Amino acid sequence: MREVQGRQAPDDILIFDNYSAGYLDDDGHIINLLDSLSFSVKEGRALGIVGESGCGKSITGLSAIRLLSKQLVVQGGAIFLGNENLLEKTEREMQDIRGGKIAMIFQEPMTSLNPVLSVGFQIEEVLARHRPELSPDDRRSSAIELLREVGISAPEKRVEDYPHQFSGGMRQRVMIAMAIACHPLLLIADEPTTALDVTIQAQVLALMKRLKGRGSLMLITHNLGIIADLCEEVLVMYAGRIVEKADVETILKKPIHPYTQGLIASIPTLRGERQKFLYSIPGMVPAAKNFPSGCRFHPRCDRCMDLCRVEAPPLTKIRDGHSVRCHLYSGALS
Amino acid sequence: MAEYIFRRLMKSLLTVFISIMLTFLIIRLMPADPVSLMVDPKLSPEVQEQMRKNFGLDKPIYTQFGIYLLNLLKGDLGYSFKTREPVITVLMQRLPWTILLMFTTLIMSLAIGLPVGITAAKRRNKLFDRVVNVLITLAISIFIPFISFAFLYLFGYRLGLLPTGGAYTPPPTQGFAYVLDVARHSVLPTITLFLGNSATVILYSRNSMIDVLKEDYIRTAFAKGWDDRYVTRKHALKNALIPTVTVTGLMIGSMMGGAIMTETIYAWPGVGRLIYDSVNAMDYPVLQGAFLMLSITVVAMNFITDLVVAKIDPRIRLSGGRA
Amino acid sequence: MSTKQEQPFLEAKGLTKHFNVSHKLFSKPVWIHAVDDVSFAVQRGETLGIVGESGSGKSTLARLLLNLIEPNAGSVRFKGVDLFSMTKSKESTFRREMQMVFQDPYASLNPRIKIGEAIAEPIRANRVMDGKSRIEARVAELLEMVGLSADVAHSYPHEFSGGQRQRIGIARALGVSPEFLVCDEVVSALDVSIQSQILNLFAELKEKLGLTYIFISHDFSVIRHVSDHILVMYLGEAVEIAPVDELFQNPAHPYTRALISAIPEPDLDVASEKIILEGDIPSAEAPPRGCRFSTRCYMAREECGIRHAEMASIGENHLVRCSFALG
Ligand SMILES: Nc1ncnc2c1ncn2[C@@H]1O[C@H](COP(=O)(O)OP(=O)(O)OP(=O)(O)O)[C@@H](O)[C@H]1O
Ligand SMILES: Nc1ncnc2c1ncn2[C@@H]1O[C@H](COP(=O)(O)OP(=O)(O)OP(=O)(O)O)[C@@H](O)[C@H]1O
Ligand SMILES: [Mg+2]
Ligand SMILES: [Mg+2]
């Protein structure tokens, strides 16, 4: 396998190296969505990807298992799983990785399970694909074990049931059971609790916390509270770019990018003084075809400078494990 | 499942009952004297009087309906004006031919329509799909008499390859030769009916497959590492079949309409042709019986469709159809 | 929760709404207990926040308050007048004074009608004013009030983002100069940065126009931010009502506590013990006997499954529906 410069320490499970992707519009032009993403998920750790709707979180997750829809095209860079560049793999090789080494769960528990197949079958299917040595009986007992593990009571009875007989929270548990069936190195969870009620969300988060550490986790969410609950590392995305990445302490307590700061200040809290007005970032997230030049956040930034309008800031390392994409810190000022 | 079957069965029986009532009422509400519609005017006055009694035509309408129902249960649908045979006998002679035609068409439409529709969906907007789309549009808009006459002219007269009418060459032969003869006769009517019906099957299987392939659970299946063939077969197919089967069931009704035209043109001795002949002969008892039989067939086919859908779809099977 | 000497602006007493959802012709009716015996009062200029999980009856309650559906029991008094027994002419004035804003006003905007027209429509329908130019001026004023520029009046709904559509929905509701606004999940579909803009807009309008709000959300932190009093709902019932600070300092109902603790906070310093409720929310078709929360309650005793608790006062303006709630 190819050795690429800038590769990080060996405990990185998944590495995005300068990865860019865009979509084909109706005229066949490529419109850039993800721009030069570089980050890594460390072994046994949880990386949170946070950002507002449309900033490219889901596409980033889907890129890692190469399940992008047809209009989406890779524009450059590499994605490494261990030492192997996933972008150079054949479809056949990717199939061995999906569900085996990398598993993914999605936002919509109501529609992510096949309504005409029993949940037992849908769990066993993962095992049938990646562990052919198991007999049908072994697969059945593993499925029951997995259901028990994710907190479904009377799993030996429920295993024959169909998705419509489960509530939203239980379906998400089934999705999790499917995802952990083959002990993946990396679990990608795309908004796993967004569609759920608060008390049910808490159950699922508690389950995910309990399963943590078995492998690495890439958790996609727009909710910083969930990040604080589960993740060690955080990536803040805005309009297809990483604007800040650091450990969760730094992001929540001492963020330095104006967007991260604004985002955190905008969230109403459960504690402390209640202010009459919340901080608010003016304007709104642009659609991909209208991404502004220079820094994509500049039209909404209260510290915008002339340079920001024309030149995209580089991802600048502030210290080990803390980088930011902002001209305030890029050295362009000095 | 049992509750579901029971409810559907009740619904079917209710529908049959309503069609019986309608056929009963239509005759009686016609401007002409019902007696003359039901009792052959060419019969002698004594016999006419006897039949009047049999039908209870001198009694109030609800008593008549009761008698009518009782006779129906006994299989007594009256007598044909034309042949003087019991209507039930006439129908039973014709029914097998119609069933033969319909079933061959149905099986062919499904056997060819489903794979074509699904392949078209999977190659959406590619050449295959586009060609199929054009053909579907053509086939659906075809006027049956037009295509039938074109076939007859081409294969019957010009090329002389196939017989021009009937279901067999009289007098009927025996054994394999007979089967072959019938098969040759059935080619044109079957193809005529097949064109429109397979187009419907292709259209629906293609469209529902396209919808299903966009579903989240398809993405889940791919995320498990399965390949396209498996995902299509195991995950997409069953879901795409649900609307397709439903539509096929509904199609039976319109197939009957098509069958009347097709059988008439090809002189196929089925119920459709019988209806045409009976209209011309003003043979009301036969017409009444034929319509009743048609509606029972349609209801029965819809019932079977419901069962098939329930077999595929656990949401219906397990919730008694409320989902 | 009101002090007796002052008449509340809006007062609901024993509001109950059951929906009949049996679809079968010959089967016995199945009743959804959407709202059951809910009482509260709102003072002028205050905001009452209603919080609860999906299916707890929040939207149904809102529709009852606005007299959009008929209750099975209970009454609503608006400025001292009973809503359900007033004359037609009076009703139309009241309808004007109470307006509703929905989660996605896009759904209620006709895609072929320009924004300006959509905002002008309730103004005309209620005959608040007439004359084309006067109405146009009013629409422009409303658009600017909600932070949009006046020339968007000539655009169609699809040209707007979620946040902008929400502003349009607010402008539409404000057109008839209501005194009372019911906001049902108005920020739920919005991103954080847009949510804060809209919440600020509500705060600003409240100050400027002296509005009284009922603010419905499933997000407790949003409810805490906007409310003066909070009503917590579970399966169609009010389980706790209290002033906001009191509710957060002394949450009394086990459900309220669980709900607050279940919210993931973007704060690493709060090492609060999470209360994880077991099981799913029961169906409103057959709510549990006794206390409706008893099937999931971590403090439940045997009698909770038998005895149905009434709302009881445990402090100033603090009501709770639990036999064992700690005061
Ligand atoms: N096939 C496509 N064609 C055009 N644009 C696309 C396509 N797929 C995604 N996009 C655009 O890419 C952007 C990023 O999409 P993505 O789904 O990754 O966002 P997200 O961060 O996951 O948002 P959300 O929080 O809403 O899920 C969006 O603006 C979306 O409109
Ligand atoms: N028109 C109706 N017919 C029958 N049942 C209804 C109707 N409207 C609401 N319900 C039922 O009443 C209960 C309460 O619904 P409601 O919409 O008020 O809940 P909600 O608290 O607003 O929930 P959400 O957070 O999902 O908006 C639910 O079980 C719902 O299914
Ligand atoms: Mg997404
Ligand atoms: Mg609601």
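Protein chains in written order, with the working numbering: chain A, -19 to 314; chain B, 71 to 393; chain C, 57 to 383. For glycine and all other residues, C-beta sits at the position ideal for the given N, C-alpha and C. From a predicted model like this one, the values you see are computed outputs, not experimental measurements.
Next item on the list: Collect the residues with a C-beta less than 7 Å away from any heavy atom of ligand 3 and give them in sequence order along the chain.
Entry: The set, ordered by position in the chain, is Lys37/A, Ser38/A, Gln87/A, Asp170/A, Glu171/A and Ile200/A.
Item checked: Under 8 Å between C-beta atoms of Lys225/A and Ser310/A -> No, these two residues do not count as a Cβ contact at 8 Å.
Check: For Ala159/A, which three-state DSSP category applies?
Finding: Looking at Ala159/A - three-state DSSP - the assignment turns out to be helix.
Check: In terms of DSSP beta bridges, what is Tyr290/C paired with?
Finding: For Tyr290/C, DSSP records a beta bridge to Glu293/C.
Notebook entry, point to check: Are the segment 309 to 323 of chain C and the segment 239 to 255 of chain A touching, with three or more C-beta to C-beta distances below 8 Å?
Noted result: As far as the Cβ criterion goes, the segment 309 to 323 of chain C touches the segment 239 to 255 of chain A, which means the pair count is three or higher.
Check: Does ligand 2 have a heavy atom nearer than 7 Å to the CB of Ala267/A?
Finding: No; taking the cut-off as 7 Å, the Cβ of Ala267/A has no heavy atom of ligand 2 nearer than that.
Notebook entry, point to check: Quick one, are the C-beta atoms of Arg221/C and Pro213/C less than 8 Å apart?
Noted result: For Arg221/C and Pro213/C, yes; Cβs fall inside 8 Å.
Note to self: For chain A, check one thing: does any of its Cβ atoms lie closer than 8 Å to the Cβ of Thr290/B?
What the structure shows: By this cut-off, Thr290/B is an interface position.
Note to self: Excluding the 5 residues flanking Glu334/C on each side, which residues of the same chain have their C-beta closer than 7 Å to its C-beta?
What the structure shows: Cβ neighbours of Glu334/C beyond the five flanking positions: Arg352.
Next item on the list: Measure the C-alpha to C-alpha separation of Ser89/B and Ser365/B and round it to an integer number of angstroms.
Entry: Straight-line spacing of the CA atoms in Ser89/B and Ser365/B works out to 7 Å.
Next item on the list: Within the same chain, show all residues whose beta-carbon is closer than 7 Å to that of Ser179/B, passing over the 5 residues directly before and after it, in chain order.
Entry: If the five residues before and after Ser179/B are omitted, its C-beta is found closer than 7 Å to the C-beta atoms of Phe264, Asn267, Ser268 and Val271, all from its own chain and listed in chain order.
Margin query: For a cutoff of 8 Å on Cβ pairs, would you count Pro248/A as touching chain C?
Written below: Judged by the 8 Å Cβ criterion, Pro248/A is in contact with chain C.
Next item on the list: Identify whether Leu113/B lies in helix, strand or coil by the three-state DSSP scheme.
Entry: The answer is coil: DSSP assigns Leu113/B none of H, G, I, E or B.
Note to self: Suppose you measure from the CA of Gly183/B to the CA of Leu231/B; what does that come to, to the nearest Å?
What the structure shows: If I take the Cα positions, the gap works out to 26 Å.
Check: Which value, in whole angstroms, describes the spacing of the CA atoms of Ser339/C and Lys114/C?
Finding: Between Ser339/C and Lys114/C, the C-alpha separation is close to 15 Å.
Next item on the list: May I ask you to list the residues that DSSP assigns as paired with Trp386/C?
Entry: What is shown of chain C runs 57 to 383, which leaves residue 386/C out entirely.
Notebook entry, point to check: Nearest to Ala129/C by alpha carbon, out of Thr72/C, Ala193/C, Gly203/C and Gly108/C?
Noted result: Nearest C-alpha to Ala129/C: Thr72/C.
Check: Would you say the beta carbon of Ala340/C comes nearer than 7 Å to a heavy atom of ligand 2?
Finding: The closest heavy atom of ligand 2 lies less than 7 Å from the beta carbon of Ala340/C.
Margin query: On the CB-based measure, 16 or more other CB atoms within 10 Å of its CB, does Asn63/A come out buried or exposed?
Written below: By the neighbour-count rule (16 or more Cβ atoms within 10 Å), Asn63/A is not buried but exposed.
Margin query: Can you tell me where the alpha helix (DSSP H) holding Leu126/A begins and where it ends?
Written below: DSSP places Leu126/A in the uninterrupted alpha helix (DSSP H) bounded by Pro116 to Glu129.
Check: How many Å lie between Ile335/B and Gly100/A at the Cα?
Finding: Ile335/B and Gly100/A have their C-alpha atoms roughly 55 Å apart.
Next item on the list: Answer with buried or exposed for Leu84/B, where buried requires no fewer than 16 other C-beta atoms within 10 angstroms of its C-beta.
Entry: The residue in question, Leu84/B, is exposed, as its Cβ has fewer than 16 Cβ neighbours within 10 Å.
Check: Taking the DSSP output, what are the residues bridged to Met156/C?
Finding: Here Met156/C is bridged, per DSSP, to Val238/C.
Next item on the list: Starting from the Cα of Arg153/A, find the closest Cα among Gly205/A, Cys162/A, Lys137/A and Gln183/A and give me that residue.
Entry: The shortest C-alpha separation from Arg153/A is found at Gln183/A.
Next item on the list: Would you kindly report the start and end of the unbroken alpha helix (DSSP H) that includes Gln241/A?
Entry: For Gln241/A, the uninterrupted alpha helix (DSSP H) segment begins and ends at Pro238 to Ser246.
Next item on the list: Could you name the residues of chain C that Ser38/A contacts, counting a contact when the two beta carbons are closer than 8 Å?
Entry: Those within 8 Å of Ser38/A in chain C number zero; the least Cβ separation is about 15 Å.
Next item on the list: Please confirm whether Gly266/C and Gly101/C have their CB atoms less than 8 Å apart.
Entry: It is a contact, given that the beta carbons lie within the stated cut-off.
Next item on the list: Return the chain-ordered list of same chain residues with a C-beta closer than 6 Å to the C-beta of Val288/C, the five sequence neighbours on each side being excluded.
Entry: The beta carbon of Val288/C lies closer than 6 Å to those of Val107, Val295, Glu296 and Thr312 in the same chain, with the five residues before and after it left out.
Margin query: Using a Cβ-Cβ distance cut-off of 8 Å, determine whether Val214/A contacts chain C.
Written below: It does not; no Cβ of chain C falls within 8 Å.
Next item on the list: Return the first residue and the last residue of the alpha helix (DSSP H) that Val317/B is part of.
Entry: Run containing Val317/B: Leu307 to Ile335, per the alpha helix (DSSP H) assignment.
Margin query: Could you compute how far the alpha carbon of Ile191/C sits from the alpha carbon of His364/C?
Written below: The alpha-carbon atoms of Ile191/C and His364/C are separated by roughly 53 Å.
Check: How many Å lie between Arg283/A and Gly187/B at the Cα?
Finding: Here the alpha carbon of Arg283/A sits roughly 57 Å from the alpha carbon of Gly187/B.
Notebook entry, point to check: Would you say His110/A and Gly79/A are within 8 Å of each other, going by their C-beta atoms?
Noted result: Yes, they are a contact pair.
Item checked: Three-state secondary structure assigned by DSSP to Ala340/C -> Look at Ala340/C here: in three-state DSSP terms it is coil, with no helix or strand label.
Item checked: CB-CB length for Gly41/A against Met264/A, believed under 8 Å -> Contact between Gly41/A and Met264/A is absent: CB atoms are separated by about 23 Å, not below the 8 Å threshold.
Check: Is the Cβ of Arg299/B closer than 8 Å to any Cβ of chain A?
Finding: Arg299/B does not count as touching chain A.
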